[in-house]
Amino acid sequence: MSIVININKNIFLLQMKSTCYAFGVDDKGLLRHLYWGERIESCEDFDMPHIDEVSTNDPPAEITREEFAVYGGLRYKEYCLKAAFYDGTREVVYRYCGYEIAEGENCDELIITLKDIHYELIIKLHYKVYADYDLMERSVEVENLSDKTIEIERLHSAQFHIPHEGLNFTNVHGHWGAEQQKFTQKLSYGKVIIENRRGISTHNHNPYFILDRNASENSGDVYFGALRMSGNFSGIAEQTPYGETLVQLGINSHDFMLKLTPGEIFAAPPVICGYTCDGFESMSHRLHHFALDTIMRKGLRPVLYNSWEATGFAVNCDEQMKLAQKAKEIGAELFVLDDGWFGERDGIDNGLGDWYVNSKKFPNGLNELVDKVKSLGMLFGIWVEPEMVNPKSQLYKNHPDWIYHFDTRESDTSRGQYVLNMTKTEVQTFVYEMLDDLLSKYNIDYIKWDANRPISQTSPQKDIWYKHIDAIYSIAAKLKKKHKNVLFEACASGGGRIDYGILGIFDDFWTSDNTDAYDRLFIQDSYSYVYPIKAMRSWVTDCPNFISQRNIPLKFRYHSAMMGSLGIGCNILKFTEDDTALSKEMIAFYKQIRPIVQEGDFYRLSGAGTSDYFVYEYLKGGEGLVFVFLPQSKVGHRGTTVRLRGLCKKSIYTLETDGGEITKSGDYLMNRGIDLRLEGDYASTVIKLKRNN
Ligand code: GLA
């Protein structure tokens, strides 16, 4: 059992493989945080510190490390819960009521119950302890047992206390075509806030926190947490005046208010969190293993061909069939027909919402293409954007009230489209039935579910920011239950909706519309800190790249895309013989190494931008890969020495390099390392390694 309780002292110790987390209940019934760090065996060693007032301007609640801070009393710091009761009272005063222990899948769960001393508001704090993964999952549930509505104005899922100052805070910034731009900044006094207010997209920041104390890839303290929710989130990191750093993560309270009706229970999204003293690599490994084993759909992802960059909206059956033929020839396993196949869709301004097959583009129906793809032995996939509608569509004409709007205002379009009010039951039914129908009528194996704009002019209810995404999750889950073999890809103008929430709902994730192989190295590098490699769909596309206008050799483009789940988005009908031959070779090679790439341990040996060479290692069982990129040669064509990681010291490994085979011991490869030298711009290679004993 990973939950140890000292009943006399009311102290709870959550034990994981190498770390632990402790908190307790004080004599006033307040939950107090005690410890988060390396494993301490004895629960008996922990004591409840006394709260002393430092001065009248430093009230105890400000200084005390509260496990779950609520709004009320002499508290001016960040809080997790703010509730307003029917009589105008706007503070929560809780007392500890007891605990329960539950056994979950792969975890033990501790549930702490708190109750307001006057109102019938129950707060349950959940701690799932994934001991083997060295991770916890924290969440909170509020329940209204009264006969009147309680307004929840803020509900952050968890608060963490880190007993250090001067930490580094890492997250990503970005925008369309430039997702996952990692930044690190020193925390000082004051707050850092990352958030999303757009409802559907996270191109800008991502719902996680990473805090470190001068950590490197394989050394140093790292505290981290990732929210299991898409949509409006906020994360706050604050270095307090009292010698610690406080972090919170949860639903964004911006424009949020949940009316908790009598009898209603609301569960806030969980935060997966952990601590390691072994640097970023161990953080990534823990999250990757956890996601692969417990969150994501099992199985390797197919090599896909997607026709979007080749044909845009100008889809026609004959050309798609030719593309499918060629895609098969080079080795693709899945053919995805992107935007433009439905309604009167010929650009961004029309057709969305009218999900019938366009008869001009498919005069003999969609099955002509589906059958062709199937006859080639490939899977068939199709693009949809179910949450959206163009003003120029039959759906909008029939249901103008289905979009998010205020009655006296005109809603804004973006990319020529409105957002459907997914909180309405009739809209949910429409979206579910449309997709169910599509999947039932055609032999479809893969749905690319897009969402190309943020939400605006929401309905008067302030809980839509949460309920919108909840509806999407439910529809996708229901469809997957009925159409068990269908893979669902989440896309939102590229990687606008990637997070630990959607990771368990969808199966494949479009990382970015930016397919420039050099830019992608940076995007992929940041992505790998938190997200598993299998969740990173990467395409090879044509040059000059449509965003960067850069020309990069096809081999480098393949190697860059082969770092994730490989896809091809080129106009393959324009391929030269050399392009075709290289594509065949690369795709065949990828199929061989795919289990190592998609399910192996990932090491950033020389991360993007840290030196001229970008070097990454993957290891699975006794097999491994080293991807080496030299985007630009510098004076003297310098080489680099790379020390591998994660090998067995005493084992002997054979490395297959461009220059021939090398056989060395694990400790040689990890300490002395190998010398690498590539030449020219956009040079790249992949080295295979195998353990011999
Ligand atoms: C978004 C996606 C692209 C493509 C287009 C289609 O931009 O990110 O991959 O599907 O929509 O309109």
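Heads up, the sequence shown is in our numbering, so the first residue is 1272 and it goes up one at a time.
From the three backbone atoms N, C-alpha and C, an ideal C-beta is built for every residue, glycine too.
Problem set entry | DSSP-derived helix/strand/coil call for Tyr1479 | Taking the first residue of the sequence shown as 1, we reach residue 1479 at position 208. Three-state result, Tyr1479: strand.
For this session: Work out the CA separation of Glu1391 and Tyr1370 for me, nearest whole Å.
Result: As a working note, residue 1370 is residue 99 in the sequence shown. As a working note, residue 1391 is residue 120 in the sequence shown. When rounded, the distance between both Cα atoms is 18 Å.
Exercise. Expressed to the nearest angstrom, what Euclidean distance is found between the alpha-carbon atoms of Asp1318 and Asp1297?
Worked result: As a working note, residue 1318 is residue 47 in the sequence shown. As a working note, residue 1297 is residue 26 in the sequence shown. Looking at the two C-alpha atoms, the distance is approximately 10 Å.
Exercise. From this set, Glu1604, Ser1831, Gly1624, which residue's C-alpha is nearest Phe1688's C-alpha?
Worked result: Numbered from its first residue, the sequence shown carries residue 1688 at position 417. Checking the sequence, you will find Gln at residue 1688 rather than Phe. Measuring from the Cα of Gln1688, the nearest candidate turns out to be Gly1624.
Problem set entry | Contact test: Asp1620 Cβ vs the ligand GLA heavy atom, cutoff 6 Å | For the purposes of this step, residue 1620 is identified with residue 349 of the sequence shown, where counting begins at 1. Every heavy atom of the ligand GLA is 6 Å or more from the Cβ of Asp1620, so no.
For this session: Measure the C-alpha to C-alpha separation of Arg1680 and Arg1724 and round it to an integer number of angstroms.
Result: Here residue 1680 is taken as the residue at index 409 of the sequence shown, counted from 1. Here residue 1724 is taken as the residue at index 453 of the sequence shown, counted from 1. Approximately 19 Å between the Cα atoms of the pair.
Exercise. Within 6 Å: the Cβ of Gly1765 and any heavy atom of the ligand GLA?
Worked result: In the sequence shown, the residue the question calls residue 1765 occupies position 494. Yes, Cβ of Gly1765 sits closer than 6 Å to a heavy atom of the ligand GLA.
Exercise. Across which residues does DSSP place His1432 in a beta bridge pair?
Worked result: Position 161 of the sequence shown, counted from the start, is the residue given in the question as residue 1432. BP columns for His1432 point to Leu1517.
Exercise. By Cβ distance below 8 Å, which residues in the same chain neighbour Lys1921 in space, the five residues on each side in sequence not counted?
Worked result: Position 650 of the sequence shown, counted from the start, is the residue given in the question as residue 1921. These residues qualify, in order along the chain: Ser1936, Gly1937, Asp1938.
For this session: Report yes if the C-beta distance between Lys1632 and Val1586 is below 7 Å; otherwise report no.
Result: The sequence position of residue 1632 within the sequence shown is 361, counting from 1. The sequence position of residue 1586 within the sequence shown is 315, counting from 1. Yes, these two residues count as a Cβ contact at 7 Å.
Exercise. Would the beta-carbon of Leu1381 fall within 7 Å of that of Glu1338?
Worked result: Counted from its first residue, the sequence shown places residue 1381 at position 110. Counted from its first residue, the sequence shown places residue 1338 at position 67. Going by C-beta atoms, Leu1381 is not nearer than 7 Å to Glu1338.
For this session: Give a yes or no on whether the C-beta atoms belonging to Trp1673 and Val1690 are separated by under 7 Å.
Result: Along the sequence shown, read from residue 1 onward, the residue named residue 1673 stands at position 402. Along the sequence shown, read from residue 1 onward, the residue named residue 1690 stands at position 419. For Trp1673 and Val1690, no; Cβs fall outside 7 Å.
Exercise. Within the present structure, is the beta-carbon of Trp1810 separated from the nearest heavy atom of the ligand GLA by less than 6 Å?
Worked result: Reading the sequence shown from its first residue, position 539 is the one you call residue 1810. No, the Cβ of Trp1810 stays beyond 6 Å of every heavy atom of the ligand GLA.
Exercise. Heavy atom of the ligand GLA less than 6 Å from the Cβ of Trp1579, yes or no?
Worked result: Within the sequence shown, the letter at position 308 stands for residue 1579. Trp1579 Cβ: within cutoff of the ligand GLA.
For this session: Entirely within the region 1558 to 1640 and at least 4 residues each: give me those alpha helix (DSSP H) ranges in chain order.
Result: 1579 to 1582, 1588 to 1601
For this session: Verify the CB distance criterion: does Glu1888 have a CB-CB separation below 7 Å to chain B?
Result: Within the model displayed, chain B is absent; a lone protein chain is all it includes.
Exercise. Any chance the CB of Cys1841 is under 6 Å from a heavy atom of the ligand GLA?
Worked result: Locating residue 1841 in the sequence shown gives position 570, where the first residue counts as 1. Checking the Cβ of Cys1841 against the ligand GLA gives no.
Exercise. Should Asn1272 be labelled buried (16 or more other beta-carbon atoms within 10 Å of its own) or exposed?
Worked result: Sequence index remark: in the sequence shown, residue 1272 carries index 1 (1-based). Correcting the residue identity first, residue 1272 is Met in this sequence and not Asn. Result: exposed.
For this session: Only counting runs of 3 or more residues, tell me where the beta strand (DSSP E) segments fall wholly within the region 1699 to 1773, in order along the chain.
Result: 1717 to 1720, 1758 to 1761
Exercise. Taking C-beta to C-beta, are Asp1387 and Val1363 nearer than 7 Å?
Worked result: What you label residue 1387 is simply residue 116 of the sequence shown in a count that begins at 1. What you label residue 1363 is simply residue 92 of the sequence shown in a count that begins at 1. Result yes, Cβ atoms of Asp1387 and Val1363 sit closer than 7 Å.
For this session: Measure the Cβ-Cβ separation of Ser1428 and Val1413 and say whether it is below 7 Å.
Result: Your numbering for residue 1428 matches position 157 in the sequence shown. Your numbering for residue 1413 matches position 142 in the sequence shown. Against a cut-off of 7 Å, the Cβ pair of Val1413 and Ser1428 comes out as no contact.
Problem set entry | Supposed close pair Leu1531, Ile1423 - CB separation, criterion 8 Å | Taking the first residue of the sequence shown as 1, we reach residue 1531 at position 260. Taking the first residue of the sequence shown as 1, we reach residue 1423 at position 152. The pair is a contact, with the Cβ atoms about 5 Å apart (cut-off 8 Å).
Problem set entry | Cβ pair Ile1740, Gly1502 closer than 7 Å | By one-based count along the sequence shown, residue 1740 stands at place 469. By one-based count along the sequence shown, residue 1502 stands at place 231. Yes, these two residues count as a Cβ contact at 7 Å.
Exercise. Whose CA, out of His1525, Phe1561, Gly1343, lies closest to the CA of Tyr1771?
Worked result: Along the sequence shown, one-based indexing puts residue 1771 at 500. Considering only alpha carbons, the answer is Phe1561.
Exercise. Which first and last residues belong to the alpha helix (DSSP H) in which Glu1856 is found?
Worked result: Sequence index remark: in the sequence shown, residue 1856 carries index 585 (1-based). Where Glu1856 is concerned, the enclosing alpha helix (DSSP H) stretches over 1848 to 1870.
Exercise. What residue does the beta strand (DSSP E) around Asp1492 start on, and which one ends it?
Worked result: To locate residue 1492, count along the sequence shown from 1; it is residue 221. Its beta strand (DSSP E) spans residues 1492 to 1498.
For this session: May I ask you to check if the CB of Asp1813 is nearer than 6 Å to at least one heavy atom of the ligand GLA?
Result: Translated into the one-based positions of the sequence shown, residue 1813 becomes position 542. Checking every heavy atom of the ligand GLA against the Cβ of Asp1813, none is found closer than 6 Å.
For this session: Report yes if the C-beta of Asp1790 is less than 6 Å from at least one heavy atom of the ligand GLA; otherwise report no.
Result: Here residue 1790 is taken as the residue at index 519 of the sequence shown, counted from 1. No, Cβ of Asp1790 sits at least 6 Å from all heavy atoms of the ligand GLA.
For this session: Output the distance between the C-alpha atoms of Leu1896 and Val1542, rounded to the nearest integer angstrom.
Result: Along the sequence shown, one-based indexing puts residue 1896 at 625. Along the sequence shown, one-based indexing puts residue 1542 at 271. Near 32 Å, if we compare the C-alpha coordinates of Val1542 and Leu1896.
For this session: Indicate whether Gly1871 and Tyr1887 have their beta-carbon atoms separated by less than 7 Å.
Result: In the sequence shown, counting from the first residue as 1, residue 1871 sits at position 600. In the sequence shown, counting from the first residue as 1, residue 1887 sits at position 616. Not a contact, by the Cβ cut-off of 7 Å.
Problem set entry | Rounded separation between Cys1548 and Ile1274 - CA only | Start at 1 with the first residue of the sequence shown, and residue 1548 comes out as number 277. Start at 1 with the first residue of the sequence shown, and residue 1274 comes out as number 3. Distance between the alpha carbons of Cys1548 and Ile1274: 22 Å.
Exercise. So what does DSSP say about Phe1827, is it helix, strand or coil?
Worked result: For this step, residue 1827 is matched to residue 556 along the sequence shown. Helix.
Problem set entry | For Gly1937, the first and last residue of its enclosing alpha helix (DSSP H) | Numbered from 1 along the sequence shown, position 666 holds the residue referred to as residue 1937. Gly1937 -> alpha helix (DSSP H) spans 1937 to 1942.
Exercise. Would you say Cys1762 touches the ligand GLA, meaning its beta carbon is less than 6 Å from a heavy atom?
Worked result: The residue labelled residue 1762 in the question sits at position 491 within the sequence shown. Yes, the beta carbon of Cys1762 sits closer than 6 Å to at least one heavy atom of the ligand GLA.
Exercise. Does DSSP classify Leu1650 as helix, strand or coil?
Worked result: One-based indexing of the sequence shown puts residue 1650 at position 379. Strand at Leu1650.
For this session: Check whether the Cβ of Asp1721 lies closer than 6 Å to any heavy atom of the ligand GLA, and answer yes or no.
Result: The count along the sequence shown starts at 1 and reaches residue 1721 at position 450. Yes, the ligand GLA has a heavy atom inside 6 Å of this Cβ.
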